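**Q** For the sequence shown, the working numbering assigns the number 68 to the initial residue and increments by one for each residue that follows.
Quick reminder that beta carbons are idealized off the backbone N, C-alpha and C, glycines included.
None of the values given here were measured: they were computed from a predicted structure.
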Amino acid sequence: MEADRAATSAFPLRPAQRPGGYRSLILIMGDHLSHEISSLQQADPDRDLVMLCEVRDEATSVRHHKKKIAFLFSAMRHFALELRDRGFSVRYVTLDEPGNTGSFHGEVTRAIADFAPRALCLCEPSEYRVKSDVLSWEEEYSLPVTLLPDDRFLCSPQMFANWAADRKQLRLEYFYRDIRKRYDILMDGKSPLGGQWNYDSDNRKSAPENLSIPTPTVFEPDDITSEVFDLVTRHFADHFGDLHPFSLATTRKGALIVLQEFISQRLSLFGDFQDAMLEGEAWMFHSHISFYLNVGLLTPMECIRAAEDALHRDVAPLNAVEGFIRQIAGWREYVRGLYWLKMPDYKTLNHLDAKRELPDFFWTAQTDLNCLKQVITETGRNAYAHHIQRLMVVGNFSLLAGLHPDAVNEWFLIVYADAFEWVELPNVSGMALFADGGIMASKPYASSGQYIDRMSNYCKGCRYSVREKTGPEACPFNYLYWDFLIRNRDRLSANPRLGMPYRNLARMSGERQQALQEDAAAFLSKLGT
C-alpha cells in the first residue's frame, strides 16, 4: 500500500497573493510530475508560484479511459502536496473548483489576473498541439515566457534531428546503438556487452500454459485517490473503461516499488516471454512502468541502471536485460525523436489510403475473434495491454481491415493510461498501420492468424479455426492478410521485405485469390461501426 495518506481537505491549494506579485508562475503539466523537471530546478520557493490544473479540455480532448483520468488526477494531487511540503507556494485547480475555465489556457489567464506574476515558466509540453498554444503566450500576455527543455529524456529533439540529418532511413537499430555508446549502457569498452547489440531473436518464446506468472504490484487507493474516483464518476461516467478495481501507484514512492518488484520478480523471464500472450494473463512478465515513466514519476536512466545492476548481480540474464533496456533507451527515445522531427505533417499521413471506420467491438469487445475479445476486454478493465497485444492483435487487425489512421490513433490515445500523443502516434501510424509509408518501419507488420496462434493460446478458445484459410469457419486474419496484400499490391509489392509473400501470392490461382477477397469483403461488410 502506498504510504503518506493525505487529507482531501488540502484541495484546492490556494496560495496567498504576494505583495507586488510573484516573480514567475511555473506551470506543471500533468505528465511532468518530476521534482527534477527543468522548470522546478530554476524555481525559488520564496518568490515563485507553481500551478497545476485539472481541466476538462484535456480530459476530453479525446474521451480518455476513466482509469487514465483517475490515475493522472490522483498523481497530480499527490505531487502538488509534495511540492507544498517542500516549501513551494502551489496553486492547484481541481476540475470542479468554482471558476475553473475548463482549459489550461484559461487557467493561465485566470492565474495571471489573480497573482500578477512578472513572467511565465514551464518545461516544453510533450504534445505538439499544446506547445503551439504556449508559443503564442508571450505576445498574448505581454509577459516573458521561458520554455525549458524536457530533460527527462536521454535524447533531445535537437539531438535526434542531428542524428537523422542526411540519413535515408531512420531505423531504430542504429539510433539505439548510438544511445548505448553515448551513455555507456551495456557496453564492454567500445563493443556491446556479450558481443551482440540485440538479443531479440532470443526473446520470442511462446508461454506454456502452466507457466507461473507473478501477480502485478497492487496499491490500495488512499483518500486522495478515492476523492478522485468520485470526481471521475460524476464527470466522466460515459467514458470508456472500468474505474475499478484501481491498483496503480500514484506517487514516486509507489512507482519505485513497481520498478523494484519487476526487477526482482519478473525481469529474469521478461526476455523469453516478452512477446507471449495468455488468456486471462494481462500483465505477464512486463514491467508495467510505462504509466510512471511517461508522467515523470520514474526516470529512464534509473530504470536502465537498475536492470544493468540486476545483470551484474546475476538476477537476470543478458537477453532479458537488453530487451528491457532496448524498450526504454531505444524505442521510447526513438519514437519521441521521430514525433518532434516529423510533426505536424506526421499526424495526417495515410500512405495506404485506409478509410474504414472503427468497428463497434473496439468499445464493447463483442466479437467472435477471441484474440481481439481478450485484448479489448483487458484493455477496458486495466487501461493497459502489452506491446504485442497492441501491435500484433489490435494493430494488425486495424492494418488488415484498412481502418482509418485517425480512428485508430484516437482509440489508442483513449484507452491506454500510458498513452500520450508523442508515444502513441508514431507507434500506431508508423509501426502498426504503416501510414507513414516506411519512415519508421521497413515493412508493414501484417500477419495472418498463424503468428497469434504461435505466440498465444487465444486461438484455442476461438469459434474460428486458425488452420482454415477460407470459408465461414476460417480465421478472418488469414484471408484478411492476403486481401491486404492484394489491394495494396501497387504500393507494397516492390518492398524487398515483402518479396516472399508476394511470390506466394503470385503462385495462387485467380480463383483462390478471388475466394480470399470475397471472404474478406463478406467479413468486413458485417463490421458494425
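Hey, how far is the Cα of LEU470 from the Cα of ALA589?
**A** Answer to the nearest angstrom: the Cα atoms are 16 Å apart.
**Q** Does the beta-carbon distance from GLU488 to GLU194 come in below 8 Å?
**A** Yes, these two residues count as a Cβ contact at 8 Å.
**Q** Taking the C-alpha atoms as reference points, what is the distance between PRO224 and ASP381?
**A** Going by the C-alpha atoms only, they are around 35 Å apart.
**Q** Leaving out five residues on either side along the sequence, give the residues of the same chain with a beta carbon under 8 Å from the beta carbon of PRO86.
**A** Closer than 8 Å at Cβ, skipping near neighbours: no residue.
**Q** Could I get the ranges of all uninterrupted beta strand (DSSP E) runs contained in the segment 78 to 115, with 3 residues as the minimum, in chain order?
**A** DSSP runs (the beta strand (DSSP E)) wholly in the segment 78 to 115: 91 to 94.
**Q** Within this structure, are the beta carbons of ASP115 and ILE93 separated by less than 8 Å?
**A** Yes, the Cβ-Cβ distance between ASP115 and ILE93 is below 8 Å.
**Q** I need the DSSP call for ALA541, collapsed to helix, strand or coil.
**A** Looking at ALA541 - three-state DSSP - the assignment turns out to be strand.
**Q** Please classify THR282: does DSSP put it in a helix, a strand, or coil?
**A** Coil at THR282, not helix or strand.
**Q** Leaving out the 5 sequence neighbours to the left and right, which residues in its chain are closer than 6 Å to ARG72 when beta-carbon positions are compared?
**A** In this prediction, ARG72 has a pLDDT of 42, which is less than 50 and means its spatial position is unreliable; what the coordinates show is noted afterwards. Answer for ARG72: ASP289 and ASP290, listed in chain order.
**Q** May I ask you to list the residues that DSSP assigns as paired with THR213?
**A** Beta-bridge pairing links THR213 to CYS188.
**Q** Residues in its own chain within less than 6 Å of CYS542 by CB, not counting five upstream and five downstream?
**A** Cβ neighbours of CYS542 beyond the five flanking positions: GLY516, TYR531 and VAL533.
**Q** Looking only at its own chain, which residues have a Cβ that is under 7 Å from the Cβ of ILE395, when we skip the five neighbours before and after it?
**A** Within the same chain, ILE395 has close Cβ partners PRO367, CYS370 and ILE371.
**Q** From this set, THR300, ALA349, ASP297 and LEU559, which residue's C-alpha is nearest ASN524's C-alpha?
**A** Answer by Cα proximity: ALA349.
**Q** Name the DSSP bridge partner or partners of VAL157?
**A** Answer is VAL117, bridged to VAL157.
**Q** Using 8 Å as the threshold, is the C-beta distance between ARG90 and ALA186 below it?
**A** Yes, Cβ-Cβ distance for ARG90 and ALA186 is below 8 Å.
**Q** When you compare the CB positions of PHE352 and ALA374, do they come within less than 8 Å of one another, or not?
**A** Cβ distance not < 8 Å, so PHE352 and ALA374 don't count as in contact.
**Q** Taking only three categories from DSSP, how would you classify MET368?
**A** Note: MET368 maps to helix in three-state DSSP.
**Q** Using the three-state DSSP reduction, which class does PRO511 fall into: helix, strand or coil?
**A** Correct three-state label for PRO511: coil.
**Q** Counting pairs of beta carbons, one from the segment 494 to 504 and one from the segment 142 to 151, are three or more of them closer than 8 Å?
**A** The segment 494 to 504 vs the segment 142 to 151: no contact.
**Q** Restricting to runs no shorter than 4 residues, where is the alpha helix (DSSP H) found entirely within the segment 317 to 374?
**A** Counting whole runs of 4 or more residues, the segment 317 to 374 contains the alpha helix (DSSP H) stretches 319 to 332, 334 to 340 and 357 to 360.
**Q** Using the beta-carbon count (16 or more within 10 Å), is MET68 buried or exposed?
**A** Summary for MET68: the model assigns pLDDT 43, below 50, so the residue's position carries little reliability; its value from the coordinates is reported in the next sentence. Burial call: exposed.
**Q** Using a threshold of 8 Å, state whether the C-beta atoms of SER101 and LEU215 are closer than that.
**A** Cβ atoms of SER101 and LEU215: not closer than 8 Å.
**Q** Please tell me whether LYS129 and PHE171 are closer than 8 Å, where the distance is taken between their beta carbons.
**A** The sequence given here places Val at residue 129; Lys does not occur at that position. Taking 8 Å as the Cβ cut-off, VAL129 and PHE171 do not qualify as a contacting pair.
**Q** Measure the C-alpha to C-alpha separation of SER199 and TYR401 and round it to an integer number of angstroms.
**A** If I take the Cα positions, the gap works out to 22 Å.
**Q** What residues are listed by DSSP as bridge partners for ARG423?
**A** LEU470.
**Q** Does DSSP put SER258 in a helix, a strand or coil?
**A** SER258 falls in the strand class under three-state DSSP.
**Q** Helix, strand or coil for SER523, going by three-state DSSP, please let me know.
**A** DSSP places SER523 in strand when its eight states are reduced to three.
**Q** Ends of the alpha helix (DSSP H) at GLU578?
**A** GLU578 -> alpha helix (DSSP H) spans 577 to 592.
**Q** Taking only three categories from DSSP, how would you classify SER203?
**A** In this structure, SER203 counts as coil in the three-state DSSP scheme.
**Q** Measuring CB atoms only, is the segment 292 to 305 touching the segment 543 to 560, in the sense that at least three cross pairs come out at less than 8 Å?
**A** Segments in contact, no.
**Q** Determine the burial state of ALA70: buried for a count of at least 16 other Cβ atoms within 10 Å of its Cβ, exposed for fewer.
**A** Confidence is the limiting factor: at ALA70 the pLDDT is only 43, short of 50, which leaves the residue's position unreliable, though a coordinate-based value still follows. ALA70 is exposed by the Cβ-count criterion.
**Q** State the DSSP-derived secondary structure class of SER273, mapped to helix, strand or coil.
**A** Looking at SER273 - three-state DSSP - the assignment turns out to be coil, as it is neither helix nor strand.
**Q** Report the three-state DSSP secondary structure of SER532 (helix, strand or coil).
**A** Residue state, collapsed to three classes: strand.
**Q** How big is the Cα-Cα spacing for LEU119 and VAL160?
**A** Looking at the two C-alpha atoms, the distance is approximately 6 Å.
**Q** Which of helix, strand or coil does DSSP assign to LEU500?
**A** Correct three-state label for LEU500: coil.
**Q** Would the beta-carbon of SER357 fall within 8 Å of that of PHE329?
**A** No, the pair does not count as a contact, with Cβ atoms beyond the cut-off.
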